[in-house]
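Trainee: Pasting in a structure now, in structure tokens, and then I'll have a few things to ask.
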Amino acid sequence: MSLERLMHIGYIMVIVTVGLMIWASLVGASQQSSREMEYPPCFFNPLCTCSKAVPDLGIVSCKDVPLPRVPPSINGSKVYMLSLDNNGLGNVEPHFLEGTGLYRLEINNNPLHSIPDEAFMGLERSLWELDLTHGYLTMVPSRALRHLQKLRALNLKGNEISEINPESWRGLEDSLQILNLADNAIHILPPSVFSALQNLESLDLSGNAIMDIDPLVFAGGPPRLVKLYLADNQLKYIPYKQVSNLKLLRYLDLSFNIISQLHSDSASSIPDHSNLRISLDTLRLDYNNIEHLRPGAFQHFDILNRTYLDGNPLALIQTDAFRDARIRELSLVDCGLQELSPSAFSGLEASLQMLDLSGNNLTTLPPHLLQEFDFLRSLYVKDNVLIGLTSGEESASSFQYSLYRVDVSGRSNSPMALQQFRRMRNLRSLSISRTPSGVLIPEDFNEFGLDLEELRIIDGGLKQIKAHAFRNVRGLKKLDFSDNGITNIDYDAFDEIGHSLTDLCLSHAFASSVHHIPAESFRPLSALHNLDMSHNKLQVMPETSFHFLRKLRILQLQDNGIDTVHKGTFQGDIHSNLEELYLSFNKIQSINTHTFVDLNELKRLHLDDNSISKIDRRAFINLDQLRMLDLRGNRLAFISDEAFQNLPALEELDLAYNQMTSFDFGSLDQVGTLSSFKLNISYNLLKSLQLNTTFTGRETVMHSNIKVLDLSHNNISYIGRGYLRPIESSLTHLHMSFNSLHNATREVFGNIQHMQWLDLTANLLNEIDFDTFRNSRKLQVLYLSWNSLHDIPSELFRGLSNLRVVDLSGNRLRSLPDTLFNEEGLERLSVAWNQISRFPVSTFSPMAAATLCELDLSHNAIATLHAPETFSRFRSLTYLDLSYNRLMRLEDSSFTALPRLSSLDLSHNIELTLEPRGRSFQGLEDTIMYLGMKNISLSTVPEIPLPSLLSLDLSHNTISILPPEMASNMSALRQLDLSDNLLTQVPLVTFSLPQLRALYIAHNPITALTNTSLLGGAQKLRELDIRQLPLGYFEMGALNKMHVLETLHVSPYKNVKDFNLPTLLQNSNGLHNLHVEVEGKNSLNEEMKGEFPPKIRNVTISGKELKNLGNGILQGIRHPNLHFILRNTSVESLPRSFFDHLNFIRNISLDLRNNSLKSVNNPNTGNFPGMPKRTFLTKLWLGGNLWSCDCQIGWVEVWQRKKRQFFCKSNMPDWDCRRAEDDLRETQCGNKNAPLIDVLKSEIECGWGTASKPKSTALALTALTLIVSFFLTF
């Protein structure tokens, strides 16, 4: 081949490579943009956003937009990415995206049960990524997928898929690279099920019910598999032989299984394969049941770069356990280790670079433990009970030159002088807690290396930082002094690191006596980017506090006692880089003129939960980049005119939970002009909204750019004419639920030209004018539920061609006028909870009826249905609710004219008579998926030949037996509710239903459950309800074979001898959710005593007769994260002892709403998240009780501060860490007649431990330290 030819080929390869790189960057950017950027409204539905205009829509997102069907207009445009999230979308049509040329499609959090075979036709050569997560798919939609030649990534996470086979991936053999099947119901992997996927690189099977892996599952590949996730299954051993066939495998996740050993000496492991060697980059075995690491435990691994054994109950690491393992990073966090032999890590000398022993019970590291570990770079031993880093100075010198990062922090570790670390000359990062003196001086860093960049002295009683303290470590970039008791920082303490320090954390760092911000000490910090002084007792913020911090980007001052922000504290010419400012939860009383001005880079400003009662004119001015301004939870009664001026990029202004009695749009001048501006004034004291005419003539020209206005949860009874005029041309969403409006008129709602969403739920509306929406022609979603409307004007919706969703439920309507809905496009209508006596067929024009997808007529007085042919106009109807009516008879083929009906509810029509041979449902054989026949006086089950039916509710009838033909008539049935009938035993026919996954038989006269009662469904049932049965006999093995059971509803049976739930559930290793409903007992001490299966993470206790929970009912929970719900009980108090000895639980969330509770003691046994053998509260809900607000509940205020300190980082979404706070605002103090959050902020001054008795842990550790020190001396 000639040189010229080779050069030509080389140029082509370079061009192709560059093109692919550009394409990849564009894909990444577009995906990032789709999640972070706010795009304009779409032409086909302004509630959705599109990155481009027609005909190429670019990236389309419809999140939380009601969509009973995919908008047809999408199919006529080019779309790069389409995201449909939480839309109520129950089905998709064949060819529904045929003309779009989609690259990525997301249909997430929608109730999809199936995908038509032709759904993705037209996307064969364009679709690369498909997400169908968190739906109700029961099988892989293989026939719909098989023509997608370019599909690279398929995500089916969070569905109900129970079976897969090699045919599931037909057509994807050469394209699929990423497959996610996590959180489904798969319990068996057939041989070679993935072998045909020649290019598969990542396979996620975590969160299923896999107990065993067939030796031939991976016999033929996938040959290119790199990542395999098998976490949170029920594996008892490591599948060495199975994964040994995967030659390119580098990441194996086996965490949260029930593996008890790594050794392969059991016959069930890998017989006759003692020479197997596997090379991995990462092996995760966290939170299994491994108690010993025996010699040669890792004999089947050739290379293991990263190995995680966190959370295993390790009692012993024997010599040579890691022989020839070649592990670079080893994590043994929270394993309960009490001692290590000197040769515990022998075999890793030439490879180990990181060792994490945090959260154990180690008192010392043995001499010579790490003596020959020349490559060790990181050593973490925080939260142990260490007396010293090693037991001798000589042994410390053996690895001192190699370490880069050391963490010996933790209050339980003994004090360590910084000088102990001086010989670690290459140290980059050092974390400690307790120092002997509590004073930081220059001499502490004598002989330290020049590479130290990060220093953390946390939770250690540090009291003073002396002058030039960091003289010997001049390259420091990050300092963290959180959770100390600092009383003084010398003004020249930071002199030598002012040029290098970028991050300074002083959260909860100062003593309670420190009230002034130490501004002089910060003067040298010219390079500082992030400063955190949250959760202190600071009260005074001098005007010049931050004038020398010119590069400051993030300043956190929340949770202090600051009462004033002086004008000039923050200046645009000084703080030109400031992006985020947090002043929440202080005591600021007013915002004066020019307090926040000309801060051109400021994007987030949080002033929520202060005591602000006044905002002066021009308090916020010229903040060009401000996106979020939070003033929630203050005491604002009014806002001055032009208080907010020139905030063009503002996206959200939150004024909820204040005391505002009026609001004038004149306070917003040039606010949100460049954004989709949302204004929240909910939960205030607004009664009357009237135009402010004090500024003569001004109101006629003033304009505001508010897109979303929330006025809900006030007491508004009157809206003056013209009040909404300043926002009529911009408003798209108006929320006015839970007010006191009596009528709706055109003067108020009739001229909002772009309004798409109007919510008037729970007002006092008794009249609505016929022309109320005359010029509001873009209205899509209208909620008028729970008012007092007696009639609806027949012309109310005339001209509203965009109207799609209407809710008129909870009114006093006796009928709906003819042709009320005359326009095409209506998709969802609810008129439930009214007094309608006939099916409103004539209410819809043929065009409106043709597009209607969902119709809710429940809780009315309908006695008869029209002839079947009358329904023919409703050809798109998929959901029909006729429950709680007065239906008496269904004719043959009543619904045959509804070709797409998939959900039909006939429940609570107590006189309803069905045609016994099932002809009432003729015509629904191929479409119906849910059928509700609850409480319709059935004594026998009629013949129902519905092979597509997935869910059937026959509860609250008088059925005593199920016919055997039921199994053949409903072969696809997955959920069957037989609660509250007359069954005397578990019906055998239920286990002939091959797809049954959920069975409810509560409140039946079943007197015995034996080992064979549930045997037929043992290998398939995921949910079982056996509450409130009159059991006299419950055999201990009745639930033993139910390995895939995920949710159990049960009652403690007082007539069953020695009834004990942990014993009954000892083999239910897949159980995640346990609901115990109590009747006839006032405590649960004996019934829940013992050790529960390891995966239970959600526990619900309910029952009005329950008065006392008992102190030990949660002690047997072994999952590190527990969500505990107490609901509808008579329990009045949760004492501290209830939360003691939760040895396995690290994080707990409590939902205590709607009980009889008056007090709850501090559930936290640890001061911080993640402490070993300690529990930390992550979330809390308290509403629906009448609390006695005193020191027994005062801990909540301190916990809120801690929660914000550790969980609410500046880069996290506010909703994630603040959502429980709104519950605290609505939680009432019975003895104070005030919201709990207000009482906590102003009246209760209690500390962290006021609700509990002091523990002896510290004394025990001190004694242990003295004893060990004594023996070491000799």
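Under the numbering used here, the letters of the sequence shown match residues 1 to 1274, in that order.
We treat Cβ as the ideally placed atom computed from N, Cα and C, and that holds for glycine.
Keep in mind that this is a model prediction, so the values were computed, not measured.
(1) Name the two residues that bound the continuous beta strand (DSSP E) containing residue 240.
(2) Report buried or exposed for residue 937, applying the criterion of at least 16 other Cβ atoms within 10 angstroms of its Cβ.
(3) May I have a chain-ordered list of the beta strand (DSSP E) segments no shorter than 3 residues that lie completely inside the stretch 1019 to 1076?
(4) Under a three-way DSSP split, which group does residue 1196 fall into?
(5) Assuming residue 224 contacts residue 245 under a Cβ cut-off of 8 Å, what Cβ separation, rounded to an integer in Å, is found between them?
(6) With DSSP run on the structure shown, which of helix, strand or coil describes residue 496?
(7) What residue does the alpha helix (DSSP H) around residue 969 start on, and which one ends it?
(8) Would you identify the three-state DSSP class for residue 284, choosing helix, strand or coil?
(9) Would you check if there are 3 or more beta carbon pairs closer than 8 Å linking the stretch 1026 to 1043 to the stretch 1057 to 1075?
(10) Compare the C-alpha of residue 203 against each of 1202, 169, 227 and name the closest.
(11) Can you tell which of 473, 823, 461 has its C-alpha closest to the C-alpha of residue 444?
(12) Compare the C-alpha of residue 674 against each of 631, 730, 713 and name the closest.
(13) Going by other Cβ atoms of all chains shown within 10 Å of its Cβ, with 16 needed for buried, is residue 359 buried or exposed?
(14) Using 8 Å as the threshold, is the stretch 921 to 928 in touch with the stretch 958 to 972, meaning 3 or more CB pairs across them?
(15) Determine, using beta carbons only, whether residue 646 and residue 684 come nearer to each other than 8 Å.
(16) Using the DSSP secondary-structure output, state which residues sit across from residue 1121 in a beta bridge.
(17) For residue 250 and residue 875, what's the separation of their Cα atoms in angstroms?
(18) Among the residues of its own chain, which have a CB less than 6 Å from the CB of residue 233, if the five just before and after it don't count?
(19) Please give me, in chain order, every unbroken run of the beta strand (DSSP E) with length at least 3 that falls completely inside the stretch 505 to 547.
(20) Pair every Cβ in the stretch 298 to 307 with every Cβ in the stretch 324 to 333, then say whether three or more of these pairs are closer than 8 Å.
(21) Please state the DSSP three-state secondary structure of residue 1240.
(22) Measuring alpha carbon to alpha carbon, tell me which of 74, 103, 101, 79 ends up nearest residue 92.
(23) In whole angstroms, what is the alpha-carbon distance linking residue 266 and residue 279?
(24) Have a look at 592, 595, 630, 599 and flag the residue whose alpha-carbon is nearest the alpha-carbon of residue 609.
(25) Taking the alpha helix (DSSP H) that residue 143 falls in, what are its first and last residues?
(26) Run through DSSP, which three-state label would residue 131 get?
(27) Return the chain-ordered list of same chain residues with a C-beta closer than 8 Å to the C-beta of residue 1135, the five sequence neighbours on each side being excluded.
(28) Measuring alpha carbon to alpha carbon, tell me which of 1242, 570, 805 ends up nearest residue 825.
(29) Beta-carbon within less than 7 Å of residue 821's beta-carbon, same chain only, minus the 5 sequence neighbours each way: which residues are those?
(30) How do the stretch 1220 to 1229 and the stretch 547 to 560 stand: do at least 3 beta-carbon pairs fall below 8 Å, yes or no?
(31) Compute the Euclidean distance between the alpha carbons of residue 823 and residue 634, then round it to the nearest angstrom.
(32) Taking DSSP's pairing of strands, which residues face residue 155 in a bridge?
(33) Shortest alpha-carbon distance to residue 1073 belongs to which of 1055, 1124, 1240?
(34) Quick one: Cα of residue 132 to Cα of residue 650, how far?
(35) For residue 746, report the span of its alpha helix (DSSP H) as first-last.
(36) So, residue 689 versus residue 709, is the Cβ gap smaller than 8 Å?
Mentor: On the basis of the data shown:
(1) Segment 240 to 244 is the alpha helix (DSSP H) holding residue 240; no beta strand (DSSP E) there.
(2) exposed
(3) 1023 to 1026, 1047 to 1050
(4) helix
(5) So it is not a contact: roughly 12 Å between Cβ atoms.
(6) helix
(7) 966 to 969
(8) strand
(9) yes
(10) 227
(11) 473
(12) 730
(13) buried
(14) no
(15) no
(16) 1147
(17) 53 Å
(18) 208, 210, 257
(19) 530 to 532
(20) yes
(21) helix
(22) 74
(23) A caution first: residue 266 carries a pLDDT of 43, below 50, which makes its placement in the model too unreliable to give a value.
(24) 630
(25) 142 to 145
(26) strand
(27) 1111, 1161
(28) 805
(29) 797, 843, 844, 845, 848
(30) no
(31) 46 Å
(32) 131, 180
(33) 1124
(34) 34 Å
(35) 746 to 749
(36) no
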